[in-house]
Each structure stands twice: as C-alpha cells, then as structure tokens.
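Chains as they are written, first to last, in the working numbering: chain X, 78 to 578; chain B, 23 to 173.
Beta carbons are placed, not taken as given, at the ideal position from N, Cα and C, and that holds for glycine.
Here the structure is a predicted model, which is why all the values come from computation and not from measurement.
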C-alpha cells in the first residue's frame with residue numbers, strides 16, 4: 078500500500094465516529110494531565126492507560142496517541158506561565174517563555190508554542206509517512222561512536238545556551254554530568270555516590286530536579302522580594318502573536334522543525350536534545366542574541382517546534398522497527414502489546430488499520446489540539462491575574478504533587494526541595510540552571526556511548542574519526558566552538574585597535 | 023572582586039576533589055576497559071580546571087568595583103529560608119500524619135509567609151488541599167500518603 082492510499086485508508090479508520098470520539102477524548106485528557114508538572118506524557122499515558130482496556134485495539138491506540146500528543150502540547154503551558162517545566166523537554170521553553178509572561182506576553186508565548194507545535198507536528202507526520210522507512214534504516218547505522226559524537230555536539234550548544242559567563246555555564250554542565258552519574262553504573266552495576274540509599278540506586282529523577290531548579294527556586298526568589306506584589310495586567314486583545322512576532326518566529330519554527338525531525342529518530346534524549354539544539358541554533362543565527370533569555374519569541378518557537386517534530390518522528394523507530402526510542406514510547410509500546418499488537422516491520426502488513434489509522438489520527442489530533450488549545454489560551458493567561466501571594470503557595474503545591482506522582486515517593490519531594498534550594502542559591506551566585514539540565518540529561522548517554530566506543534576500539538580514540546557520521550559531528554563540534562572564539566578575539570582586537578587610534 | 027565567584031570556586035573545588043577521590047576508590051580502569059570511576063574522575067578534573075579558570079578571571083578583575091554585589095541586602099531572605107524549612111519539616115511529617123493534615127499546615131505556613139491574613143490563609147489552604155486531594159486521589163488515582171490515622 079503506497080503512502081497516499083495508506084493515508085486515505087487511515088483516514089477512513091480514524092473518521093469512524095467511535096474512533097473520532099476516542100481521539101477527541103485522548104487529546105483533551107492528555108492536554109489536561111500534561112499541564113500538571115511532573116506527570117507529563119509518561120504519567121498521562123500510564124494513568125489513562127486502564128481507560129483503554131475495554132476498547133478495540135485500533136481505538137485504544139488512537140486514544141493513547143491522542144493522549145501522547147495532548148500531553149506534549151500541555152507540557153509547555155506551565156513552563157511559560159509559572160516557570161515549572163512539565164517535563165525535561167519543556168525546560169528550555171522556561172528561559173524565554175516565562176520571561177515573556179512576566180512582560181505581559183503570556184498569550185503570545187502560548188500562541189506561538191501552539192502554532193509552532195502544530196506546524197512542526199504536521200511536518201513530522203508527513204516525514205513519518207513518506208520517509209519513515211529509509212530514516213529508520215539510517216538510524217540503525219548509529220552506533221556508540223556516532224551517538225557519542227552527536228551528544229558531544231549537543232554539549233557544544235552550551236556555548237550558545239549561556240546568557241552570562243561561559244565558564245560558569247560549562248561548570249554547570251559538568252556538575253549536571255556528575256549528578257547524572259549518581260546511582261548504579263550502567264555497565265558494571267556498581268554503586269556510585271549512593272551512600273547506601275536505596276532510593277538513589279536508579280539515580281536522581283530528572284523531573285523533580287527540573288521542577289525544583291526552575292519552579293521551586295522561582296518561588297523562593299520571589300518570596301524574598303520586598304516590593305509589593307502587583308497583579309499582572311493583561312489586555313485580552315493581545316492574547317495571540319502579532320504579525321511582527323509571526324515574522325520573527327517563522328524561521329525559528331522552520332529550523333526547530335528540521336532539527337526536531339532528525340533528532341527525534343535517535344533513541345534516548347532525542348526530543349530533549351533537539352530542544353536545546355534548536356534554542357542554541359536560534360541564538361547563534363539571531364541578529365539580537367542578547368534578547369534570548371529575556372523574552373525572545375524565537376526562544377519559545379524553536380524549542381517547542383523541535384519538541385513536537387521530534388515527538389512525531391520518534392514514532393518512526395517504534396512503528397517500523399519495534400524499537401521505542403524513549404521512555405514515553407516504551408510505555409506506549411507496552412500499551413500496544415497489551416492490546417495484542419506488536420509494533421515493528423510487520424505492523425504495516427498485519428495491522429494496516431492500526432498503522433495507518435494511528436498516522437491519520439495523529440494528523441487529525443494535531444488539528445484538534447490546535448482548535449482545543451487556542452481558546453484555552455485566554456483562560457490560561459488568567460492564571461497570571463492571580464495575586465502572587467496566592468499564586469506562589471499554589472505553585473509549591475503543584476510542584477509537590479507533581480514530584481510525588483512520578484513514583485508515588487516522598488523521596489522525589491525531598492529531591493525537588495533540595496534542588497529548589499540549590500536553584501535559589503544558583504540564582505544568587507549568578508549561575509544558570511539550563512546548562513545543568515543539559516548535562517544531567519545527556520550525561521548518562523554520553524558516558525555509556527563513550528565507554529562502549531572505547532571497549533569496541535580497545536582504547537583507541539581513532540574510532541571517532543574512522544566512522545563518517547561521527548567524524549562529521551565532531552567537525553561540527555569544532556566549528557561550533559571555534560566560531561565564537563574567533564568572534565571574541567576579533568572584538569578584543571577591534572577594541573584594542575580603536576583604543577590605540 | 024566578586025566574592026560570589028570566589029565562594030563558588032571554593033565550593034566547586036571542594037566537591038570535585040571529593041568526587042575525584044571517591045572515583046579512585048571505585049576504580050578508574052584504563053582506556054581499553056573504563057570502570058565505574060572513569061567518567062566521574064575525568065569530569066571532576068575538568069571541574070577543577072574550570073574552577074581555577076574562574077578563580078583566575080575573578081582575581082584578574084579584582085579591581086573592578088562595580089562587580090561587588092550584596093545579594094543579601096534589600097531582600098527578605100528570611101522568608102525564603104523559612105519556606106525552605108517549612109518544606110523540610112513537611113517531608114518529615116508527611117509519611118507520619120498523612121497528606122491532608124501535613125499539606126494543610128504547609129499551605130497555611132506558605133500563605134502566611136506570603137503576607138496573607140490568618141483567616142483567609144486558613145480557608146485558602148483548606149480549599150487547595152481538598153481540591154488537590156480530590157483531583158489526585160479520586161480522578162488520577164494517585165495514592166497520596168496516608169498517615170498513622172489512616173487518611
């Protein structure tokens with residue numbers, strides 16, 4: 078069945094009334110649950126999975142895909158409104174989204190996030206449909222050296238992520254890597270820095286860490302302000318992006334989509350890595366990089382587009398090879414199995430109604446989520462009208478419940494509080510939290526792939542230059558590091574010569 | 023001189039030294055067979071290097087008067103400290119007395135720290151706790167901690 082005929086067949090499945098209603102329910106529930114920090118897509122699918130047990134397989138999978146997409150849309154809402162990332166991939170959105178909200182542009186930030194997500198998600202699905210097969214074959218060529226080089230490339234984006242001192246940003250990233258090493262060694266299973274605490278055997282969970290560093294820390298910082306809190310005045314007519322903002326954001330959406338599209342097929346932190354890379358690229362190409370971190374709309378458009386494009390293309394390895402590339406899709410993989418469907422190369426031939434039905438429903442889901450989320454923007458923005466003295470304690474409650482609900486563990490609340498205090502101190506000492514999150518998320522994959530590569534090559538680093546994909550990624554790393562160095566040296570020489578003149 | 027950077031350097035140097043020493047205990051291995059301490063050891067060495075660079079930068083700028091920042095004046099840092107303490111106490115009492123009473127007390131403390139009057143704070147905390155309990159326990163089926171009293 079070719080792609081176009083398959084899509085028409087899928088639409089015929091998705092447009093059946095019961096499947097349409099299930100898709101609508103999934104999108105709505107996914108959005109509402111995805112808004113709650115800590116729960117995110119994994120929590121949303123896990124919590125709502127039992128609802129699908131009595132449903133036929135196609136309908137159940139369509140509903141779960143709707144929940145997944147809805148949760149991806151919802152994750153950015155709390156990042157923008159209250160600086161609490163719904164999941165790790167939404168952490169970057171906090172940088173400029175929250176700044177826009179504090180400047181009275183929450184509606185515009187939410188609007189561009191929704192539109193960017195819609196465009197990127199749709200493009201990702203077109204890619205999934207047309208070149209899913211060849212892309213998944215390409216993904217199979219990625220071994221440990223290639224992954225190591227790609228992740229190293231991700232680390233070089235710290236150069237562009239940092240708003241202040243580069244040295245401090247590097248220190249934060251390294252600290253994030255060290256924090257990620259806590260737990261059992263991934264290869265030898267030896268305990269590292271657990272101090273005998275059984276809760277640390279699996280390491281620190283990224284969600285309470287992110288909630289603490291961004292959300293709780295922000296509450297601490299605002300509590301100590303002596304100026305009387307004022308209610309943010311928001312004009313209803315400025316709820317959506319203006320024409321000039323659209324013009325600013327259009328290329329950010331395009332670039333974010335492309336980055337997310339290709340990064341999404343890589344197992345592991347594809348969506349997370351794509352958001353950091355998209356943000357770094359935008360800051361690099363921007364004519365006003367100093368605006369990033371202070372409310373640049375490109376800083377919201379790019380990572381949100383990358384996130385949703387990656388969310389769509391991450392279905393490629395799942396559907397075509399039966400390999401879930403991240404935790405969320407691993408849960409979805411389990412849901413497939415529960416309903417008697419085995420994702421993989423035979424899915425298209427054995428269950429074409431599910432394969433094409435899911436793809437078609439995701440197209441429709443994107444439209445439904447756009448229609449659903451746009452009217453919700455004015456409602457969400459009203460949250461900012463709540464006086465700070467009521468809002469901040471509620472944010473703390475939100476954070477507590479979000480952290481607890483991940484594993485139903487009080488230990489995660491403890492982690493969140495510790496990182497909340499750390500985030501407050503980092504703010505005081507002029508350090509940024511975003512590089513720490515980047516280091517924390519990429520650290521485990523960085524280590525595992527480095528060690529595997531060295532085992533493969535028997536200790537030789539030449540393996541990273543002998544393999545073409547890894548070599549290209551390393552060259553890009555070098556270029557990304559050299560360019561700002563050259564620019565810095567040029568500026569200093571220019572200043573020196575001007576002084577001499 | 024920015025004292026914040028000096029303090030940060032000292033903290034980073036201390037922590038990275040601890041990590042490096044602990045990593046040696048885990049075993050660093052060698053390039054043909056990296057062991058559990060390989061990554062933390064080399065990462066902590068990099069932290070030491072960059073900490074020293076930051077120290078050097080700060081020392082080189084020691085005559086820059088404008089870099090002095092007093093981060094504790096003109097702010098009510100005591101409120102943030104009290105909020106953090108309240109959260110620490112909360113973590114201890116949550117498994118003992120359960121979600122409803124402990125969270126009510128925490129929310130009351132936080133609303134009071136936000137300069138709310140006692141009666142509105144009490145009502146707001148009760149409302150927030152009841153609504154959140156209903157949402158997470160009954161709709162999302164999240165088993166919230168029950169204390170020794172069973173609720």
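- With distances taken between CA atoms, residue 192 (chain X) lies nearest to X:385 out of X:385, X:297 and X:566.
- For the options X:512, X:95, X:501 and X:560, the alpha carbon positioned closest to that of residue 99 (chain B) is the one of X:501.
- One alpha carbon belongs to residue 227 (chain X), the other to residue 347 (chain X), and they sit about 10 Å apart.
- With contact defined as three or more Cβ pairs closer than 8 Å, the stretch 445-458 of chain X and the stretch 124-143 of chain B are not in contact.
- In summary, residue 428 (chain X) is buried, with 16 or more beta-carbon neighbours lying within 10 Å of its beta-carbon over all protein chains present.
- Listed along the chain, the chain B residues whose CB falls inside 8 Å of the CB of residue 485 (chain X) are 164 and 165.
- Looking at the DSSP output, residue 268 (chain X) bridges to X:261.
- For residue 96 (chain X), the secondary structure class from DSSP, reduced to helix, strand or coil, is helix.
- Non-local C-beta neighbours of residue 62 (chain B) in its own chain, meaning closer than 6 Å and more than five positions away in sequence, comprise 41 and 45, ordered along the chain.
- For residue 183 (chain X) and residue 91 (chain X), the gap between their C-alpha atoms comes out near 34 Å.
- For residue 498 (chain X), a Cβ of chain B is located within less than 8 Å of the residue's own Cβ.
- For residue 170 (chain X), the enclosing alpha helix (DSSP H) has its first and last residue at 168-179.
- Per the DSSP secondary-structure output, residue 55 (chain B) pairs in a beta bridge with B:52.
- Look at the stretch 102-113 of chain B: the residues with a C-beta under 7 Å from a C-beta of chain X are 102, 105, 106, 109, 110 and 113.
- Three or more beta-carbon pairs separated by less than 8 Å are not found between the stretch 278-286 of chain X and the stretch 98-115 of chain B, which leaves the two stretches without contact.
- Against residue 66 (chain B), the close residues of chain X are 251 and 255, in the order they occur along the chain (beta-carbon pairs closer than 9 Å).
- Contact between the stretch 124-142 of chain X and the stretch 165-178 of chain X is absent, with fewer than three C-beta pairs closer than 8 Å.
- Using a Cβ-Cβ distance cut-off of 8 Å, the stretch 410-424 of chain X and the stretch 374-390 of chain X are not in contact, since fewer than three pairs of beta carbons, one from each stretch, lie closer than that value.
- Following the DSSP letters along the chain, one finds residue 497 (chain X) inside the alpha helix (DSSP H) bounded by residues 487-505.
- In this structure, residue 286 (chain X) keeps its C-beta atom at 8 Å or more from the C-beta atom of residue 488 (chain X).
- Rounded to the nearest whole angstrom, the CA to CA distance from residue 549 (chain X) to residue 252 (chain X) is 27 Å.
- When Cβ-Cβ separations below 8 Å define contact, residue 490 (chain X) makes contact with chain B.
- When the alpha-carbon of residue 396 (chain X) is set against those of X:292, X:93, X:202 and X:81, the nearest one is in X:202.
- DSSP lists B:120 as the beta-bridge partner residues of residue 168 (chain B).
- Between the beta-carbon of residue 204 (chain X) and that of residue 317 (chain X) there is about 28 Å, and that puts the pair past the 8 Å contact cut.
- Taking 8 Å as the cut-off, the beta carbon of residue 389 (chain X) is found no closer than this to the beta carbon of residue 196 (chain X).
- At a cut-off of 8 Å between C-beta atoms, residue 145 (chain X) does not count as an interface residue with respect to chain B.
- Within chain B, the residues whose beta carbon sits less than 7 Å from that of residue 301 (chain X) are 97, 98, 99, 101 and 102, listed in sequence order.
- Contact between residue 478 (chain X) and residue 147 (chain X) does not hold, since the beta-carbon distance rounds to 19 Å and is not under 8 Å.
- Here residue 240 (chain X) has 370 as same chain residues with Cβ atoms under 6 Å from its own Cβ, once five neighbours each way along the sequence are excluded.
- Along the stretch 95-147 of chain B, the alpha helix (DSSP H) occurs as fully enclosed runs of 4 or more residues at 99-119 and 121-135, listed in sequence order.
- The residue from X:163, X:119 and X:181 with its alpha-carbon nearest to that of residue 412 (chain X) is X:119.
- For residue 394 (chain X), the secondary structure class from DSSP, reduced to helix, strand or coil, is helix.
- Taking the C-beta atoms as reference points, residue 163 (chain X) is found nearer than 8 Å to residue 151 (chain X).
- Annotated as proximal: residue 165 (chain X) and residue 518 (chain X), with beta-carbon spacing under 8 Å.
- Counted as a single uninterrupted DSSP element, the alpha helix (DSSP H) harbouring residue 540 (chain X) occupies residues 540-543.
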